[in-house]
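Protein chains in written order, with my numbering: chain A, 1 to 212; chain B, 213 to 424. Positions of the beta carbon are idealized from the N, C-alpha and C atoms, including for glycine.
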DNA sequence: AATTCGATACCACATTCGGGCTATGGCGAC
DNA sequence: GTCGCCATAGCCCGAATGTGGTATCGAATT
């Protein structure tokens, strides 16, 4: 039963490394009856610390932040406060990123291009204990739900490919044979549905599997 | 002599497709004596139309927008209003993007991660007829100032490489010989200082030469 | 205990890529 | 009008890449 219209306002905590965007979110929230900004933070470590003091009702969190990133921050907070309700507020960084955020314990995912109404609706919904994922993101996740995901080793190798390294260099750096690197790449290509390393890097970057 | 502290407020126009960020910028500006929000727009076409009516003192403009992008919008506005003072407000998209914006007629470049003080200072400086580029961006531009830039054809080919196409496909698509594609790629590699296509795509994406 | 999966590794083969080098026609700058 | 740049194109060749198999080992799962 999500209320607060008559009762105590929803206490919201805003975590983002862009001061300007924080201002915007805060301006929207403060204009909204039934919402209250409990605090803000500009990076993960600060966020965890502030969360402990504030114990807000809902947290809005960016994923791209210097230092401890959003996913780690969500995990840390949720391990101490399993009831924490966290909404990821970010520019779209691919289905895999979104899925990782949800697995880390986020209750919602919202794009920075969202309208103020979306923001308020999502906050109320999540405060009420429900989850919210925008349809276009849900669709992307569903679209790739049947895909096999890359193993840790595969992701590591792909990250090195994305750093422009040749198979031989990757082999040397990881102390494995070049043939093994090629074997991993075969699997990576098959899982991503591509035929060469350049496509693999682009696809993986778009889907949020690696950073470039 | 930048004034307005005693006189008429600086009339500012905000163009960005993220409503939340617009709110933030507006909140900051409205809290600032001597500044006034003259209007806002969420895409290039809207921006040009609104500019004609408002003729603001300073325009804040994002580069990434659906439809007409920021660079085109700046060019269009500056062709009609050569005195227009435009500050690009965007996430860093590479030295080449930044340089293109400046060539299109922008007077300043500001990152979305900037503090409110940076925003206000830059607005006053640009309003006063001066230019402003943050040191880290100026450094990147300077660092690559001596590089030869890619020709239009080269950029087009690199864009196709970034789409995961093989030389043979690119040749077919552009109706040129595969040898020509390879010749262009040789030049591209030399200009970007890389040795293979994957590195070329990554470097070009980071520097804002192509979109991936 | 049996099976699956990830990581490792090797082989052989075809294709693609990248480097070096040359050349020509067009077009704009000086 | 000559110089330089761009787009075009070709040749050669070695290195890198991608593709098809097969196999072992250990950890996790059933």
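Proximal residues of chain A, C-beta to C-beta of residue i below 8 Å
i	result
residue 235 of chain B	23, 24, 25, 27, 28 and 116
residue 406 of chain B	164
Residue i classed as buried or exposed, judged by whether at least 16 other C-beta atoms fall within 10 angstroms
i	result
residue 3 of chain A	With a pLDDT of 45 at residue 3 of chain A, under the threshold of 50, the predicted position of this residue should be treated as unreliable, though the coordinate-derived value follows. Exposed.
residue 213 of chain B	Per-residue confidence for residue 213 of chain B stands at a pLDDT of 47, beneath the threshold of 50, marking its modelled position as unreliable; the derived number appears in the next sentence. Exposed: under 16 other Cβ atoms inside 10 Å.
residue 292 of chain B	exposed
residue 108 of chain A	buried
residue 195 of chain A	exposed
residue 355 of chain B	exposed
residue 165 of chain A	buried
residue 297 of chain B	buried
residue 22 of chain A	buried
residue 207 of chain A	buried
residue 231 of chain B	buried
residue 145 of chain A	exposed
residue 236 of chain B	buried
residue 394 of chain B	exposed
Extent of the continuous alpha helix (DSSP H) run through residue i
i	result
residue 352 of chain B	347-356
residue 162 of chain A	152-162
residue 122 of chain A	116-127
residue 51 of chain A	44-54
residue 165 of chain A	No alpha helix (DSSP H) holds residue 165 of chain A; DSSP gives it neither H nor E.
residue 307 of chain B	307-315
residue 240 of chain B	231-242
residue 418 of chain B	409-419
residue 175 of chain A	Run containing residue 175 of chain A: none; DSSP gives neither H nor E here.
residue 290 of chain B	282-292
Contacts around residue i, its chain only, beta-carbon distance under 7 Å, and the 5 residues preceding and following it disregarded
i	result
residue 277 of chain B	229, 255 and 256
residue 404 of chain B	412, 415 and 416
residue 28 of chain A	116 and 119
residue 363 of chain B	none
residue 187 of chain A	154
residue 380 of chain B	390
Beta-carbon neighbours of residue i, restricted to chain B and to distances below 7 Å
i	result
residue 205 of chain A	424
residue 18 of chain A	324 and 325
residue 199 of chain A	376
residue 86 of chain A	Result: empty, since nearest Cβ-Cβ is about 17 Å, beyond 7 Å.
residue 161 of chain A	410
residue 188 of chain A	Result: empty, since nearest Cβ-Cβ is about 13 Å, beyond 7 Å.
Residues of its chain near residue i, where Cβ-Cβ distance is below 6 Å and the 5 sequence neighbours each way are ignored
i	result
residue 409 of chain B	373
residue 212 of chain A	162 and 205
residue 263 of chain B	289
residue 15 of chain A	41, 47 and 61
residue 311 of chain B	353
residue 31 of chain A	none
residue 349 of chain B	310 and 321
residue 324 of chain B	303
DSSP bridge partner residues for residue i (one or two, in chain order)
i	result
residue 321 of chain B	B/300
residue 425 of chain B	Lying before the first or after the last residue shown, residue 425 of chain B is absent from chain B, which here runs from 213 to 424.
residue 344 of chain B	B/320
Proximal chain A residues relative to residue i, where beta-carbon distance stays under 7 Å
i	result
residue 227 of chain B	By Cβ distance, chain A contributes nothing, its closest Cβ being about 14 Å from residue 227 of chain B, past 7 Å.
Residues near residue i by beta carbon distance below 8 Å, same chain, minus five either side
i	result
residue 361 of chain B	308 and 403
residue 184 of chain A	153, 154 and 157
residue 275 of chain B	281, 282, 283, 300, 302, 305, 309 and 313
residue 222 of chain B	216, 246, 247, 248, 269, 270, 335, 336 and 339
residue 266 of chain B	223, 225, 250 and 251
residue 8 of chain A	none
residue 238 of chain B	226, 249 and 252
residue 133 of chain A	98, 102, 108, 109 and 141
residue 176 of chain A	none
residue 385 of chain B	372 and 377
Unbroken beta strand (DSSP E) run spanning residue i, endpoints
i	result
residue 273 of chain B	270-273
Within chain B, the residues that residue i reaches when beta carbons sit closer than 8 Å
i	result
residue 209 of chain A	Correct list: empty, because the minimum Cβ distance to chain B is about 14 Å.
residue 157 of chain A	Simply none; closest approach about 13 Å.
residue 77 of chain A	Those within 8 Å of residue 77 of chain A in chain B number zero; the least Cβ separation is about 22 Å.
Where residue i meets chain A, residues with beta-carbon distance less than 9 Å
i	result
residue 382 of chain B	The contacting residues do not exist; residue 382 of chain B stays about 12 Å from chain A at best.
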